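Notes for the one structure printed next.
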Amino acid sequence: MRNLKSTTLLFELSQPGRRGASLPPCDVPAPEVSELIPAAARAGGPPPLPEVAEPEVIRHFTNLSTLNMSVDTHFYPLGSCTMKYNSKRNERMAALPGIADLHPLAPEETIQGLLALLYELQLMLGEIAGLPAVSLQPAAGAHGELTALMVAAAHFRHLGQARTKVLAPDSAHGTNPASAKMAGFDFVTVKSNASGFVDMDDLAAKLDDQIAVFMITNPSTLGLFDRQVSEIARIVHAKGGLIYLDGANMNAILGIARPGDFGADMMHYNPHKTFSGPHGGGGPGAGPICVTETLGAYLPTPVVEQRNGHYVLATNRPLSIGRVRSFFGNVGVLVRAYCYLRTHGPEGLKAVSENAVLNANYLMSRVKHILPVPHGERCMHEFVATAAPLKKNHGVTAMDLAKRLLDFGFHAPTVYFPLTVPEAMMIEPTETESKETMDAFAEALFRITEESPELLHDAPHSTLVSRPDEVQAARKPIMKWTAEVGPAS
Amino acid sequence: MPYFYNTPADQQAMLAAIGVSSIDELFAQVPAELRLGRPLDLPPALSELELAQHLGRLAAQNAHIGEKVCFLGGGAYDHFVPAVVDCVAGRGEFYTSYTPYQPEVAQGNLQVMFEYQTLICQLTGLDVSNASLYDGGSAAVEAVLLAMSVTGRQAKVVTLGSVHPQYREILETYFACLGAKLVTVPTPRGAADLAEVAAVVDGETACILVQHPNFFGCYEDVSALAKIAHDAGALLVQSFDPISLGLLKRPGDLGADVAVAEGQSLGTPLLYGGPYLGIMACREQFVRRMPGRIAGQTVDRRGRRCWVLTLQTREQHIRREKATSNICTNQGLFALRAAIYLAEMGPQGLAETAELCVRKAHYARERLTVGSRLSAAFDQPTFKEFVIRDSQGQVEELLAQGLDAGYLAGIPLGQWYPELADCFLVAVTEKRTKAEIDGLAEILAAKRESTAPRPHARLAKTMV
Amino acid sequence: MTPKDLLYAETHEWVRIAEEGGRKVATVGISDFAIQQLTDLVHMVLPKVGTQLKAGQEFGEVESVKAVSSLYSPVTGEIVAVNSDLPNKLESLGSDPYVGGWMIKVAISDESSLAKLMDAAAYERQCAAEG
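Chains as they are written, first to last, in my numbering: chain A, 1 to 489; chain B, 490 to 953; chain C, 954 to 1084.
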């Protein structure tokens, strides 16, 4: 039962003198802090944090949780984000004290079990990618992209080649150009052709000996497998460039095709997507990367190596780009990925992709007569439909549909991405949804398209808040509570 | 298969609806010559019970902090995590949701982000906070990149030897691609020599990056460093310890323009280094160059107060190669943990935690240096960490003896500082009891003479 | 209505040319059509007086909630004035784009770029094609 009082802010609940935690008395003989901390560094008092009792803390945050849609509670077909079921067994495994309560600078001989796990994970990720050298260090997919581009930069520096350009198609995630810039490259956009694939003429026109890396998402952000990928790799390699595969859509090809086999030199995984680590309300993720044997020399340190049955954190890599984050990596996410891979095994992983593709094609076949899919008769693990005809004929936008779906108890698909499809709705059911759920989702869409446009423009109607005024939020941003901001109107 | 719904009958019905005869037909767009054509070479599937047994065996090979008393710090700390944190953060509505793209069904996450941002502003004394970054190290790097962007000075950044060595290593990695230079002023006395810093800060310098309390646990004169930076038109970036702010002046009050921290101390387990929480706050005028997500307050169509992601035009999905950073996610789950932790602690709880840390650390420093063999490496007051020098220069053996006796006694510093090869770093949190500290002192300080190194107990080098 | 006395750039900036103190000065803003297309503006970045611009060079940015658009100088010269109050009253831009909505004044140093600009009729044809 939803408790609306939760929307009162912590700071408005605060009463002087209330507190949650109690701490033990100091059990050592030591001077007062005034004698221990230099006066110049010492504050006059603690920071002005809210003062609330513990029951209030629990009630406040628990009630806030009920204002979220989540995979545990709702169908969440958010394209490109692979919102699949987050297995509870993985949560339990990651919370084992022998896994969760390890200090990152603990001596290697005290963490041999964990290092064995991470070593095995490196091998498994390399095998699935067809790219044998693995770094588990990057903290997220975007961080993995950046790390791989730094690896490429180091490789070309080592070869004495001054290559300045990173190319990617116009349908690429925004992280691609942003990562290229941070790695010191100029970014060049390559057009997509009418079928949604890389425009080979435009690529040929932009390819020269300045190319460092061509970044490709395959399956693409349109949910299609670009058959040209090996030809792209051939011509990019002929110019001395490298191919980077954005692994956002690996859920479609596990055990079916491997990036290393279709021409990629480097790739990242999103284990929080493909391998079901929970998304945590927007993080944490992880972004392990796999590269060719040659490029492996440049990977960040440390990597886990096995020596005579003993696992070590190898740092002796003279060509390494160095470190891209503190400590080892997002181990908590990596352990869940390991558990996922061990739970599925080789046949199970292939079945993941088969069922993800089956579900996506099924849902596409159910809705495409009202939401046309401009590119491709079949899709991979997701499809991009367009609400453009609905907009033209009824004045109903993709955003209206998305908002109204919330009233029917479904999270909305990704809307307005990729940028190359007008009124885009990117739908990814994942393999952990049933036919009944997808049927219900399709039925909801049918009903919505028969509703009055006015009703849809004002949707959602059943949620605690209706559409927020984003213009006001951006024009005069209020990014924290202050006493002057005042209570809810 | 464990989590699939599709029965063979379901699959047949779906294939029929699609109009194909087999799942393989759906993959026709993947050319045959690009297919793997063999099973993946992976270990076979495990049931939940088998998985639990397997992980149990692996976990049993690790010495966790419930088995070995943890005096390790260096940016990750064994602080107490109240039960309320795990209880709330374990709710599926939080941890199985995602970035609030549909604010109407993500008000819980958005309000937590807004509350987190407010708590970080209260903690740091700065104007605005983002909704978090990956970890303390990447937050420090992003802060430096922000300073370079704001000042337009792309070539030079000044930092100190007392800043976390891994944070400096990350900066070196990024700078190798950007062609910028990191000038590191050594800190042989444990903290910065202001004159030496002033001598290298000039009109080309984007910022000074300082850590306070620093990697050795010593205090830096942040106000004076801020003045040096500001006189040169540069920014002051401070990496801070969130727990320390129960007692210490806040970065904003010391003159810092950007403050960053590893937020793991605020309710997150050690997790062998991640995922953690990157905290970043800055002065208002820099907000449009700040990386990461930001929640903002607004009203809905019925006039009700609510929250949305705001200032999104800073971000990569809109600005692409001109974005302030390539970061797209925050660490939502850990920002949530930090918000619960700070709410549970309150000002008094945070102050008491900090007080326990500083007093127990002081006691430990005194106890460890009571004999003639061990001494404090720096003649400086320290917060919750301190550096111990072994006059016999046998740090590895000493720490191995500690481990044998049940103590993760410290972090050898020679891996980052050759001149401190005879030193190790000891951290003392509020969790350490007098008995544990006395026990460690008995093992380490009692050693007047070196014992012969025992190969089986030698510490392998921790990662560099 | 597209004012007839102005010139327009392909990138939707308008230009008013006037003699000021013996030199040709271009006053620059963005057209009503552009403002409608951008929807609700939330932020604007303008340059400093004294900045040297070449025709076609970016001189600032306007942002709506989910889009950023660059502003391009239609002329070559030095910025002699900036409407620095404009970013604080963006809500009024839509109702007054051609007078109060001016952004910068540029002392023109090279008149050749003026030849590329359109008159109101040509610009209206462009907008019709885009809209």
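The beta-carbon is built from N, C-alpha and C at its ideal position, and this holds for glycine as well.
As the structure is a computational prediction, the values presented were derived from the model and not from experiment.
Asked	Found
Between A935(B), L766(B), Y761(B), which has its C-alpha nearest Q753(B)'s C-alpha?	L766(B)
Please list the terminal residues of the continuous alpha helix (DSSP H) segment that includes G830(B).	Position check: residue 830(B) holds Tyr in this sequence, whereas Gly was assumed. Taken as a continuous stretch (DSSP letters only), the alpha helix (DSSP H) holding Y830(B) covers 821-857.
Check for me: the beta strand (DSSP E) holding P169(A) runs from which residue to which?	165-169
Would you identify the three-state DSSP class for E1031(C), choosing helix, strand or coil?	strand
Within the 8 Å Cβ cut-off, does T757(B) reach chain C?	no
Name the chain B residues that come within less than 7 Å of R19(A), Cβ to Cβ?	G835, Q837, G838
Based on DSSP bridge pairs, tell me the residues matched to F729(B).	A750(B)
When you compare the CB of V1012(B) with every CB in chain A, is at least one pair closer than 8 Å?	Nothing about residue 1012(B) can be read from this structure; chain B reaches only from 490 to 953.
Could you give the DSSP three-state label for N393(A): helix, strand or coil?	helix
Can you tell me where the alpha helix (DSSP H) holding I768(B) begins and where it ends?	Premise fails: I768(B) lies in the beta strand (DSSP E), 767-771, not in any alpha helix (DSSP H).
Could you name the residues that DSSP lists as bridge partners for M426(A)?	V384(A), T414(A)
In this structure, how does DSSP classify F1085(C) when only helix, strand and coil are distinguished?	Chain C is shown only over 954 to 1084; residue 1085(C) falls outside these bounds and no answer can be derived.
Could you check whether the Cβ of D1049(C) sits closer than 8 Å to any Cβ belonging to chain A?	no
Can you name, in chain order, every residue of its own chain whose Cβ lies under 7 Å from the Cβ of L114(A), other than the five neighbours on each side?	I99, L102
Please specify which runs of the alpha helix (DSSP H), each continuous and at least 4 residues long, are wholly inside the stretch 23-70 of chain A, giving them in chain order.	33-36, 54-65
Indicate whether the contact test is met: 3 or more Cβ pairs, each with one atom in the stretch 142-154 of chain A and one in the stretch 320-327 of chain A, closer than 8 Å.	yes
Check the Cβ of M150(A) against every Cβ in chain B and list those closer than 9 Å, keeping chain order.	T662, Y663, A665, C666
Quick check on the burial criterion: 16 or more other C-beta atoms within 10 angstroms. Buried or exposed for E966(C)?	buried
Hey, how far is the Cα of H394(A) from the Cα of V384(A)?	20 Å
Is G650(B) near T676(B), with beta carbons less than 8 Å apart?	yes
By how many angstroms is the C-alpha of F664(B) removed from the C-alpha of R739(B)?	29 Å
By how many angstroms is the C-alpha of L999(C) removed from the C-alpha of Y1025(C)?	11 Å
Scan the stretch 1015-1079 of chain C and note each continuous beta strand (DSSP E) run of 3 residues or more that stays entirely inside, going in chain order.	1020-1025, 1029-1035, 1057-1063
My output table needs one value for I211(A): the three-state DSSP class, helix, strand or coil.	strand
To which residues of the same chain is N251(A) closer than 6 Å at the C-beta, ignoring the five residues directly before and after it?	T82, T274, A356, H381
State the start and end residues of the unbroken beta strand (DSSP E) segment that holds M997(C).	994-998
Counting along the chain, where does the beta strand (DSSP E) carrying S135(A) start and finish?	133-135
For D202(A), which residues from the same chain have a beta carbon less than 6 Å from its beta carbon, with the 5 sequence-adjacent residues on both sides left out?	V190, K191
Using the beta-carbon count (16 or more within 10 Å), is G508(B) buried or exposed?	exposed
Mind listing the chain A neighbours of L1043(C)? Cutoff is C-beta to C-beta under 9 Å, in chain order.	R475
Quick check on the DSSP output: what are the complete alpha helix (DSSP H) runs of length 4 or more inside the stretch 661-724 of chain B, in order along the chain?	683-689, 711-720
Do the stretch 814-825 of chain B and the stretch 17-29 of chain A touch if we need at least three Cβ pairs shorter than 8 Å?	no
Does DSSP classify L114(A) as helix, strand or coil?	helix
Please name the residues in the stretch 961-991 of chain C whose beta-carbon is closer than 9 Å to at least one beta-carbon of chain B, in chain order.	none
Closest Cβ-Cβ distance between I807(B) and chain C: below 8 Å?	yes
I believe T66(A) touches R2(A) by the beta-carbon criterion, under 8 Å. Please report the beta-carbon distance rounded to the nearest angstrom.	5 Å
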